Structure formats: structure tokens, C-alpha cells
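Right, one structure below, let's go through it.
In this note's numbering, the protein residues as written are 231 to 645.
Okay, structure coming up:
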């Protein structure tokens with residue numbers, strides 16, 4: 231099994247790859263379902279900079295088809311031309327490359343969770359402009375409180391960026407639970423007191439701009455697809471561990487969400503009949519053994535005396551495991567075994583080219599120790615896909631939300 235057990239420090243540069251540009255690198259055949267004008271714009275954005283000739287070759291169309299549409303994008307202020315002095319040009323004008331007009335507008339990415347919120351503002355080329363955070367004291371809150379907190383977070387983000395709200399074109403929002411991205415309808419979330427809420431519409435009205443809503447695992451998948459290890463991959467799976475266990479799936483360079491937009495709930499697949507109680511109210515779910523709340527629930531066994539505040543329990547448990555506390559190590563070992571079972575199920579069900587273990591919790595390396603993940607092969611029928619680890623910082627969720635906003639806003643921008 232092609233296992234990379236060394237987390238890449240994507241947080242250092244807020245990216246998981248050194249490739250220029252942002253967005254999936256599709257190629258002509260995968261992008262052909264889009265209008266040619268959109269394909270041109272997205273190809274320039276994903277390349278970072280590209281010449282007209284290279285653009286036509288990449289899209290497998292004639293240069294004559296590209297020229298008038300590029301002119302429209304230049305006239306509309308969506309693309310710029312840059313002279314490329316790196317190319318030989320004799321005495322004439324240096325060759326010209328096309329780039330996205332980055333500061334033509336901005337999008338916001340917002341992530342809400344059990345204990346803290348994060349936000350990032352990016353320009354149209356995907357470059358981070360500013361970030362903001364907001365602590366949250368309540369684990370479960372009413373929708374009205376959530377809306378007010380999101381508005382506060384968004385205001386902090388605009389103040390940090392020194393950008394007018396009029397310059398923000400859209401926002402993406404992610405939260406744990408079951409959310410239909412197409413409609414913005416939230417069926418259930420462990421952090422909200424109500425069910426069946428038109429969350430996308432409510433947040434859009436509250437912030438006075440278009441808002442796309444999705445499950446937080448899909449945000450992480452978008453971050454990998456737009457900025458990380460998945461840019462070059464046509465299909466891959468992302469598994470993440472945070473307060474829950476999430477799965478994102480990419481098929482043909484696009485996220486797959488299921489028939490009703492509520493699929494990929496790996497954390498709520500059953501691994502033990504009549505097992506541990508999960509936050510969803512059912513028993514035996516994978517995340518009842520692997521997620522943060524499951525580890526915190528077991529921590530009292532290993533941590534003597536008064537437990538630290540909840541936000542510090544996992545760090546204390548991990549430190550104890552590193553220091554040789556057998557009970558703390560056993561808690562992580564059991565979680566790692568259940569994670570291995572979940573990864574084997576992903577490999578058997580979807581046969582992805584790669585499984586990416588992604589997110590800030592990847593710093594707890596006991597969960598994906600080499601001896602644990604080596605067991606995946608014994609639980610799959612075929613050779614399992616390579617498993618890679620990408621240890622982003624906490625802003626990765628917000629970056630994924632920004633990618634969601636960019637993706638959904640692009641057709642409107644070009645129209």
C-alpha cells in the first residue's frame with residue numbers, strides 16, 4: 231500500500247500543493263460539459279497564468295475559438311494580460327499570458343462547529359486576503375443564535391480585510407451534519423437545536439449576499455480539490471476526523487454528494503451492532519469510536535484528577551500517550567483500529583485512486599500509525615489505494631468554504 235505517514239504541513243503556505251493557480255486541473259474532456267467561455271476562465275484560474283496558444287491546446291479547440299471569448303473576458307475585467315519576459319521574443323513585444331483579475335471581487339468562506347468558528351476572505355484567484363475567528367461557548371444553539379454569530383464573524387472578516395461588503399460576491403458556509411448543497415436545506419446538525427431548516431436562504435438574507443451551504447466534510451474535500459493534493463486527481467476520497475468523522479468523494483474532478491445531497495456519511499455507518507451511543511441518537515456509528523467526542527468521553531479513564539477544559543482534553547490525552555501512559559495510548563489505538571475499518575470500507579465501496587486523510591486532527595498520529603493503516607489491506611478484496619496524510623491547520627475548512635463559493639459564483643460572474 232502506498233502510504234505516506236508523514237503529514238505535509240499544508241498550513242505553512244495555506245495550500246497543499248506547490249502548483250500555481252487554484253481549482254481542479256480537469257483537462258478538456260472533463261471540462262467539456264461547461265460553456266467554452268467558462269472553461270476558458272476556469273482554465274486560466276487553475277493554471278495561474280497561461281498563453282492563448284497553450285489555452286487552446288489544453289482545451290483542444292482552435293485558437294480562433296478562444297480569441298473572441300478571451301476578448302470578452304478582458305473587456306469585462308475578468309482577465310488581465312501580463313507580459314511574460316521568461317519566454318524568448320527577440321525585438322518584438324514579449325509573449326503575453328492571461329491571468330484572472332484577482333481583485334475584481336472577493337468571496338468569503340465560513341465554517342461553524344461545536345466550539346469555534348473560522349472565516350477567510352479570498353480574491354477571485356483564490357489568494358487569501360484576511361481571516362477571522364470567533365469562539366463559541368455553547369455546543370448546541372438555536373438557529374437564531376447561529377445567524378447572529380455568523381453575522382458577527384462576517385463583520386470581523388470584513389474589518390480584518392478592510393474590504394467593503396459591496397465587493398464580496400458570495401459566501402460559502404459549512405457545518406457538521408446533513409445538508410443539501412443544491413437547496414441549502416439543513417436536515418440535521420449536531421450543533422443546532424432545530425431540524426429541517428432552510429439554512430442557505432436564512433444566512434443569505436442575514437448577510438445580504440448569495441450563500442452556498444454544505445457539509446463540513448465536503449468543504450475539506452473542496453479544499454483538497456482546489457488547493458491541495460487532489461487538484462490533479464480525477465477521483466479520490468477524503469476522510470477527516472474532527473468532532474465527527476466525515477467523508478468526501480470526488481468523481482471526474484467534481485464532488486459527489488449523492489442523489490439527495492446527503493450522502494457520504496461515513497461517520498454514521500455502523501461498525502458495532504448495539505454499540506456506543508452516537509450524537510445522532512443511534513448506536514454503533516463509526517464516529518462514536520473515532521471522533522473527538524468519543525475520545526473525550528474515554529479520556530477520564532487515562533487522565534487522573536480533574537479533567538482540563540473540553541477544548542484541552544484531546545491535547546492532554548495525546549501528551550499522556552506520548553509520555554507512555556498506557557491507558558491513553560490504548561484509547562488512541564482503539565480509535566485507530568476503527569478508523570482502519572472505516573478506510574477499508576471506503577476502499578471496498580468506491581475503489582478511489584487515492585484516500586487522503588485530511589484535516590487538523592491529523593496531528594494525532596496514533597490514529598493513522600503505519601501499523602494501523604497496514605491492516606487496511608487485510609480488510610479489502612483488492613489492493614487498497616494509496617493513503618496520504620495532509621495535516622492542514624484549522625483554516626482549511628474555511629478555505630474549502632471559499633472554494634465552494636468560488637465554484638458556485640463563477641457561472642453568475644460570467645453571466
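Every residue, glycine too, gets a C-beta built ideally from N, C-alpha and C. Values in this document were obtained by computation on a predicted structure and should not be read as measured data.
Alpha-carbon spacing of residue i relative to residue j, whole angstroms
i, j, result
"residue 468", "residue 615", "12 Å"
"residue 509", "residue 339", "26 Å"
"residue 486", "residue 536", "44 Å"
"residue 429", "residue 372", "12 Å"
"residue 271", "residue 264", "11 Å"
"residue 291", "residue 395", "39 Å"
"residue 235", "residue 462", "Confidence in residue 235 is poor, its pLDDT being 36 and thus under 50, which makes the residue's placement unreliable; the coordinate value appears in the next sentence. Their backbone Cα atoms lie some 20 Å apart in a straight line."
"residue 523", "residue 431", "30 Å"
"residue 477", "residue 589", "12 Å"
"residue 563", "residue 414", "38 Å"
"residue 479", "residue 494", "7 Å"
"residue 324", "residue 295", "23 Å"
"residue 302", "residue 600", "53 Å"
"residue 644", "residue 603", "45 Å"
"residue 569", "residue 425", "29 Å"
"residue 544", "residue 475", "16 Å"
"residue 481", "residue 553", "42 Å"
"residue 559", "residue 456", "35 Å"
"residue 221", "residue 451", "The structure shown does not extend to residue 221, since the chain spans only 231 to 645, so no value can be given for it."
"residue 578", "residue 607", "10 Å"
"residue 384", "residue 460", "28 Å"
"residue 551", "residue 289", "52 Å"
"residue 281", "residue 326", "6 Å"
"residue 634", "residue 465", "18 Å"
"residue 231", "residue 617", "Legend: pLDDT at residue 231 = 42, less than 50; position of this residue unreliable, value from coordinates given subsequently. Cα to Cα, residue 231 sits roughly 8 Å from residue 617."
"residue 623", "residue 582", "25 Å"
"residue 268", "residue 433", "27 Å"
"residue 346", "residue 366", "5 Å"
"residue 306", "residue 300", "10 Å"
"residue 374", "residue 304", "43 Å"
"residue 628", "residue 519", "26 Å"
Any non-hydrogen atom of the ligand FMN closer than 8 Å to residue i Cβ
i, result
"residue 585", "Absence of the ligand FMN is noted for the structure shown, with no ligands found whatsoever."
Cβ pair residue i, residue j closer than 9 Å
i, j, result
"residue 555", "residue 496", "no"
"residue 653", "residue 283", "Since the first residue of the chain shown is 231 and the last is 645, residue 653 is not available in this structure."
"residue 442", "residue 401", "yes"
"residue 311", "residue 328", "yes"
"residue 609", "residue 598", "no"
"residue 333", "residue 364", "no"
"residue 350", "residue 359", "yes"
"residue 370", "residue 423", "yes"
"residue 250", "residue 277", "yes"
"residue 620", "residue 472", "no"
"residue 335", "residue 411", "no"
"residue 642", "residue 440", "yes"
"residue 514", "residue 500", "yes"
Helix, strand or coil at residue i according to DSSP, with G and I counted as helix
i, result
"residue 333", "helix"
"residue 459", "coil"
"residue 418", "strand"
"residue 393", "coil"
"residue 472", "coil"
"residue 631", "helix"
"residue 499", "coil"
"residue 358", "strand"
"residue 531", "helix"
"residue 441", "strand"
"residue 606", "helix"
"residue 255", "coil"
"residue 644", "helix"
"residue 380", "helix"
"residue 636", "helix"
"residue 450", "helix"
"residue 327", "strand"
"residue 371", "strand"
Extent of the continuous alpha helix (DSSP H) to which residue i belongs
i, result
"residue 312", "Looking at the DSSP string, residue 312 is not in any alpha helix (DSSP H); the run it does join, the beta strand (DSSP E), is 309-313."
"residue 305", "293-305"
"residue 290", "That residue, residue 290, is in no alpha helix (DSSP H); it is neither H nor E in DSSP."
"residue 271", "266-277"
"residue 603", "600-603"
Extent of the continuous beta strand (DSSP E) run through residue i
i, result
"residue 486", "484-486"
"residue 570", "Looking at the DSSP string, residue 570 is not in any beta strand (DSSP E); the run it does join, the alpha helix (DSSP H), is 556-580."
"residue 403", "398-405"
"residue 618", "617-620"
"residue 408", "408-410"
"residue 520", "Unbroken run through residue 520 is the alpha helix (DSSP H), 517-520; no beta strand (DSSP E)."
"residue 346", "346-353"
"residue 492", "That residue, residue 492, is in no beta strand (DSSP E); it is neither H nor E in DSSP."
"residue 586", "585-588"
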